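Scroll down for the structure; my scribbles are underneath it.
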């Protein structure tokens, strides 16, 4: 999957009009970097600018799935995900680096690091994704 | 924490203007039920009405934290969460039943079930929450 | 898979000569109960009788896999597992209640509760298991 | 915690007479490497030499806890752990590289990689550990 195809896939999802995640890079060996520009809509407190945990979890979901998707060349639905929150990002853009650790016939496993532009790490994610179906039902419009 | 206090806490978060989650019940022994009315903004495809995984994960985050918060009487930030997606809900309102399984001095553990009004289960969540601080920094405006 | 077949499957594993886990019940809808008689070999401190976390995790692995196996009628290898330790059991026999929450074509999800004979819960487990292959390579002697 | 102290701590546990894990290195910034010499007692099938998932999970437990312990200078009990099995190791010694990703006042988070001597990765682990108590009850003999 090329960066253009990844961008097109991300643009499809209705929820991404809220979570305005943009792909920065896509490596078919299983690496993607996504970008989320800070928006106070993502926070707990507007004045504080601290990100809501659900926004971080959503980024992990998308970056993990995309890391497997670029290997497969088609969407790979999420079977499960886990997020460890190390510290709360505030008032900054976020980057999600997704890396497929293994994509087999049945499942894929991907890691996700949530960081800022200077490399400070805010959360660690990992998940299981389903690579099997080239045209997963949940991605058929 | 009473239902009114829980509702007030949820209403504080900026992101909950997007994820319009409402509390239905709060039991100080550690049980809460949250409600999310279907909105096409939460979907992958508007026409299909299928929920985005990030929305489900956000519900798990909030319901798990709230299940521990009602025990403690104050917000309990999320340390980690995990979500297992069993099937994709579509075109339906969602309920998140959170249940604290143990709230100790250092950490709390809560389970979350994501279901519809008829009891069909779509996702299972579990997480670790930090009960210690009666006034957690990330919840101070 | 009947209780006898489950017992035979468990008896095969070399590691179960160390972790002497015994099946107590097997329901083909996806429920199993396993039994582990206390042995000081499972502890951190013999004098204290407190179970090592690895023993608990091993029980979760086996009970989760078996809960999916009884549905499928054949072994279902573990893709991932998670264990939340609520309190440390000591000097008591343990029971592992495994319950398949969903077994689909590609993956199964099972919950495991680690408890004693009086129902005190010590740990919560959950995992993903691979149901696809009726004769998984790792179970072929 | 020095390598000698880590070795002494590991030698205390009764279960480590079964799971004969040895420390190879300990860096007080939060890195440890543990070694497990192959033993057919750890397998599913002796003839096949394939490791039981519980043995891998036990290694993740110990290596994650030790990665946080070397930072703290005292044992850090496991709150939860997760293991993703990528492929099954067989007939080989195993190494567990533990790395603390963050050790705060309340919890620590550590990553564990299970590999062989040539760097082939078999499993990925992550867990939450409790750093607070310099003399945790479960480690008091």
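Protein chains in written order, with my numbering: chain A, 304 to 444; chain B, 304 to 444; chain C, 304 to 444; chain D, 304 to 444. Even for Gly, the Cβ is constructed at its ideal location relative to N, Cα and C. Fair warning: this is a prediction, and the values are worked out from it, not measured in the lab.
- Between residue 397 of chain A and residue 362 of chain A, the C-beta gap is smaller than 9 Å, which places the two residues in contact.
- The CB of residue 405 of chain A comes closer than 7 Å to the CB of 389 in chain D, given here in chain order.
- Taking a contact to require three or more Cβ pairs closer than 8 Å, the stretch 419 to 432 of chain C and the stretch 391 to 408 of chain C qualify as touching.
- DSSP, reduced to helix, strand and coil, places residue 364 of chain B within a helical segment of the structure shown.
- Look at the stretch 309 to 395 of chain D and you find these whole runs of beta strand (DSSP E), each 3 residues long or longer: 324 to 330, 334 to 339 and 381 to 388.
- If you check each beta-carbon in the stretch 351 to 378 of chain A against every beta-carbon of chain B, the ones closer than 9 Å belong to 351, 353, 354, 355, 356, 357, 358, 359, 360, 361, 362, 363, 364, 365 and 368.
- Rounded to whole angstroms, the separation of the alpha carbons of residue 321 of chain A and residue 310 of chain B is 23 Å.
- Under the 8 Å Cβ criterion, the stretch 404 to 414 of chain B does not count as touching the stretch 341 to 359 of chain B, having fewer than three qualifying pairs.
- When DSSP states are grouped into helix, strand and coil, residue 402 of chain D belongs to the strand group.
- Look at residue 385 of chain D: its C-beta is under 9 Å from a C-beta on chain A.
- Taking the CA atoms as reference points, residue 415 of chain D sits about 8 Å from residue 430 of chain D.
- With 16 or more other CB atoms across the displayed protein chains lying within 10 angstroms of its CB, residue 370 of chain B is buried.
- Proximity of chain A to residue 431 of chain C at the Cβ level (cut-off 9 Å) is accounted for by 382, 383, 410 and 431, in chain order.
- For the pair residue 366 of chain D and residue 400 of chain D, the CB atoms are nearer than the 9 Å cut-off.
- Taking a C-beta distance under 9 Å as the contact criterion, residue 379 of chain C and residue 318 of chain D do not qualify as a contact pair.
- Going by DSSP, residue 413 of chain C is part of the beta strand (DSSP E) stretching over 411 to 418.
- Taking a contact as a CB-CB distance under 8 Å, the pair residue 359 of chain D and residue 417 of chain D counts as one, their CB atoms being some 6 Å apart.
- Here residue 431 of chain D is bridged, per DSSP, to D:383 and D:412.
- Within chain A, 317 have C-beta atoms less than 7 Å from the C-beta of residue 349 of chain B, given in sequence order.
- Distances from the CA of residue 305 of chain C to each of C:372, C:340, C:354 and C:315 were compared; the closest alpha carbon is that of C:372.
- Contact note: residue 314 of chain D does not reach chain B at a C-beta cutoff of 8 Å; the least C-beta distance is about 27 Å.
- With contacts defined as CB atoms closer than 9 Å, residue 324 of chain D and residue 312 of chain D fail to qualify as a contacting pair.
- The beta carbon of residue 334 of chain A is closer than 8 Å to those of 328, 370, 373, 400, 401, 402 and 403 in its chain, skipping five residues each way along the sequence.
- Those residues of the stretch 321 to 347 of chain B placed with their C-beta closer than 8 Å to a C-beta in chain D do not exist.
- Minimum Cα-Cα distance from residue 435 of chain C among the listed residues C:364, C:342, C:337 and C:381 corresponds to C:381.
- The criterion of a C-beta distance shorter than 9 Å is not satisfied by residue 356 of chain D and residue 357 of chain C.
- Residues of the same chain with a CB within less than 7 Å of the CB of residue 375 of chain A, apart from the 5 flanking positions on each side, are 406 and 434 in chain order.
- Not one beta carbon of chain B lies nearer than 9 Å to the beta carbon of residue 426 of chain D.
- Rounded to whole angstroms, the separation of the alpha carbons of residue 330 of chain A and residue 336 of chain A is 9 Å.
- Burial check for residue 385 of chain A: the Cβ neighbour count within 10 Å reaches 16 or more, so the residue is buried.
- Residue 383 of chain D is classed as buried because its beta carbon has at least 16 other beta carbons within 10 Å across all chains shown.
- Within the same chain, and ignoring the five residues on either side of residue 344 of chain B in sequence, the residues whose Cβ sits closer than 8 Å to its Cβ are 321.
- The residues 392, 395, 396, 397, 398 and 425, in chain order, have a CB closer than 8 Å to that of residue 419 of chain D in the same chain once the five nearest residues on each side in sequence are set aside.
- Beta-bridge pairing by DSSP links residue 426 of chain C to C:388 and C:417.
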